[in-house]
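Sequential numbering from 4 applies to the sequence shown in the working numbering. Just so it is clear, CB atoms sit at the ideal spot from N, CA and C, and this is done for glycine as well.
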Amino acid sequence: MKIQKVTHQSSLPSNTRNKLVLRRTRKIFNPKVFIDRTIETTAIISLMITGFSGVGAMGCWGLEVIESNANPNIIISGWQQQKNICLGAMLVSFPPSWAVL
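This is the structure in structure tokens:
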């Protein structure tokens with residue numbers, strides 16, 4: 004592919020004809036874009052927390068089953084409490100993502 008250089012004559016004086024003119028564009032704060040990005044970020048983070056809490060709850064549930072089979076005399080184990088904490092985190096973090104979707 005061949006690239007050709009195109010030159011244009013300008014009506015500027017000869018001393019400024021070859022100078023590069025830089026223009027700065029100023030970004031204007033757009034509240035709609037800010038709100039959309041904030042909602043999108045909140046939804047992604049809440050879905051990630053829900054997923055990680057679900058994996059943690061399943062892991063604690065598995066360890067709770069293993070521990071109860073090993074020693075049936077234990078009524079409430081530490082894994083049951085951890086599982087309930089993970090399930091509570093899932094319950095709290097899921098509604099923000101549900102409201103956005």
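Which value, in whole angstroms, describes the spacing of the CA atoms of residue i and residue j?
i	j	result
residue 87	residue 56	10 Å
residue 65	residue 54	17 Å
residue 46	residue 40	10 Å
residue 27	residue 42	30 Å
residue 85	residue 92	11 Å
residue 38	residue 58	30 Å
residue 36	residue 94	29 Å
residue 75	residue 34	59 Å
Which same chain residues, not among the five before or five after residue i, have their C-beta less than 8 Å away from its C-beta?
i	result
residue 82	63, 64, 66, 67, 70
residue 80	67, 70, 71
Could you check whether the Cβ of residue i sits closer than 9 Å to any Cβ belonging to chain B?
i	result
residue 87	Absent from the structure is chain B; it holds one protein chain and no more.
Taking 6 Å as the limit between beta carbons, can you name the residues of its chain near residue i, skipping five residues before and five after?
i	result
residue 52	96
residue 90	60
residue 11	With a pLDDT of 49 at residue 11, under the threshold of 50, the predicted position of this residue should be treated as unreliable, though the coordinate-derived value follows. Excluding residues within five positions, none has a Cβ falling inside 6 Å.
### Query
Can you list the alpha helix (DSSP H) stretches of 4 or more residues lying completely in the stretch 60-100, in chain order?
none
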